[in-house]
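Following our numbering, the numbering of the sequence shown begins with 419 at its first residue and continues without gaps. Where a beta carbon is used, it is the ideal one built from N, C-alpha and C, also for glycine. A short worksheet on the structure shown next.
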Amino acid sequence: MQEIKKRYVIPGDKIVEGDYKPLMNVVRNGNYLISTRVGIAEAGKDGVKVIPLSGVYIPRVNDLVIGKVIDRSSLSWDVDINSCFFAHLPAQDVFGRDFSPARDDMGRQLSIGDLIIARIVSFDRTRDPMLTVQDKDLGKIPYGEFIKISPTRVPRLIGKRGSMIQTIEQATQTRVIIGQNGIVVVTGRDVDGLSLAVKAIKMVEEESHTSNLTQRVRALLNVQDPVIEDQSKNTTISYNGNNVSSAPEQVQNTPQPQSPTNAVPSADADAAPATADAAPEQVQNTQQPQSEPQNPSTSNKRSNNEKSENNLSDNLTGIDQKEKKQELVNEDV
């Protein structure tokens, strides 16, 4: 497989040759992938795509969009979603299925000029996009700073896994709502944070096709870049001015000073071997003695010897008693 590097392409340029899957703004012609837009060609896990440098927003189902209410009828609101198509928000989606034009006042829910965040539920070439606000975090946007950028800059503003937008929100203490149609709303309590977030978003829009954009945005927001240094298995990570060092624990063997051969051993030197020898003795004392296996013949011999010794002691006792009786008889005579 041929390696694909990011580069600028125009319609008709051959991007790569081989078995790649054509994605956005890319078509296959024989064994080549051809660009259909002016933009930056790049390869991903799914295939090859071209990110256009400019263009209009084409609605797609499940897209999250931010629109402005521009008109209303008896059954729906007309919403400008920054596209060549106007979207429609049904009144039943806001009031429910029991909506009645004669009973319910649509002006109490949404007025002309209000901003809403909605999701596209249906769209094709024969009818305009239909919106819904039934999902979580959808509906009317009560306040915020309104910014319009090119829809082709939205992926760069979000960043990989949301890294760029998270950096802006954390540095400015604001909340940034991004629509796939290129409409951005910034909310926050700090005026300085709002202005700084707007400035960073405009920088991303103007310089999204350049390299090292993340570093320049961090410099604008006064956020230090994470630095990782590897020096002999010692890793130092610096983030937001805080240094964290992590190194594997090393066991240092400090050599003990050896006494000269002619030196007189001190009392401490003599005590050390005794202490070292005492430990094994304590371990040995703690061990329970194991009983030796007994031989049946040996036990029988021991019992016979004990019986003979008992009989001998009884005989000696009887002889002593007879001698004492004879002595008493002699004394009486």
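Note down the Cα distance separating residue i from residue j, rounded to an integer number of angstroms.
i    : j    : result
G457 : I567 : 17 Å
T550 : L507 : 6 Å
F517 : G600 : 32 Å
P470 : I484 : 21 Å
F564 : A615 : 12 Å
E625 : G597 : 19 Å
R636 : T585 : 8 Å
L638 : S529 : 38 Å
Y561 : K423 : 42 Å
T628 : Y426 : 11 Å
R521 : F513 : 11 Å
Y475 : Q510 : 27 Å
D532 : K439 : 42 Å
D546 : K486 : 16 Å
G577 : T632 : 9 Å
V756 : D523 : Given that the chain is displayed from residue 419 to residue 751, the structure contains no residue 756 and the question cannot be resolved.
I499 : M548 : 11 Å
Q527 : T590 : 32 Å
I559 : K463 : 36 Å
P569 : D431 : 23 Å
S501 : V609 : 31 Å
G611 : P573 : 23 Å
A665 : K617 : Note that A665 scores 46 on pLDDT, short of 50, meaning its location in the model is unreliable and no value can be drawn from it.
R579 : D496 : 33 Å
Q552 : L482 : 12 Å
V445 : E587 : 37 Å
R634 : G525 : 45 Å
D542 : F503 : 11 Å
A571 : N449 : Note that residue 571 corresponds to Arg in the displayed sequence, not to Ala. Cα to Cα, the separation comes out at about 30 Å.
R455 : R515 : 44 Å
Is residue i helix, strand or coil by DSSP?
i    : result
G485 : strand
D496 : strand
Y426 : strand
G473 : coil
G525 : helix
L631 : helix
R545 : strand
E435 : strand
R537 : strand
L638 : helix
Count the other C-beta atoms from every protein chain shown that fall within 10 angstroms of the C-beta of residue i, then say buried if there are 16 or more, exposed otherwise.
i    : result
E623 : buried
M442 : exposed
A459 : buried
A461 : buried
I395 : Outside the shown range of the chain, which is 419 to 751, sits residue 395, and nothing can be said about it.
L392 : Since the displayed the chain opens at 419 and closes at 751, residue 392 lies outside it and no answer follows.
K467 : buried
V594 : buried
S453 : buried
P519 : exposed
P477 : buried
I488 : exposed
Assuming residue i is part of the alpha helix (DSSP H), what are its boundary residues?
i    : result
R446 : No alpha helix (DSSP H) contains R446, which is instead part of the beta strand (DSSP E) from V444 to N447.
What first and last residue would you give for the beta strand (DSSP E) that runs through residue i?
i    : result
D511 : D511 -> not in any beta strand (DSSP E); alpha helix (DSSP H) instead, spanning Q510 to F513.
Y450 : Y450 to S453
A459 : G457 to A461
Between residue i and the ligand COA, is there a pair consisting of the residue's CB and a ligand heavy atom that are separated by less than 7 Å?
i    : result
N599 : Inclusion of the ligand COA in the displayed structure is not the case, the ligand content being empty and no account of it being possible.
What alpha helix (DSSP H) runs, 4 residues minimum, are completely inside the region 551-621? 572-576 and 581-590
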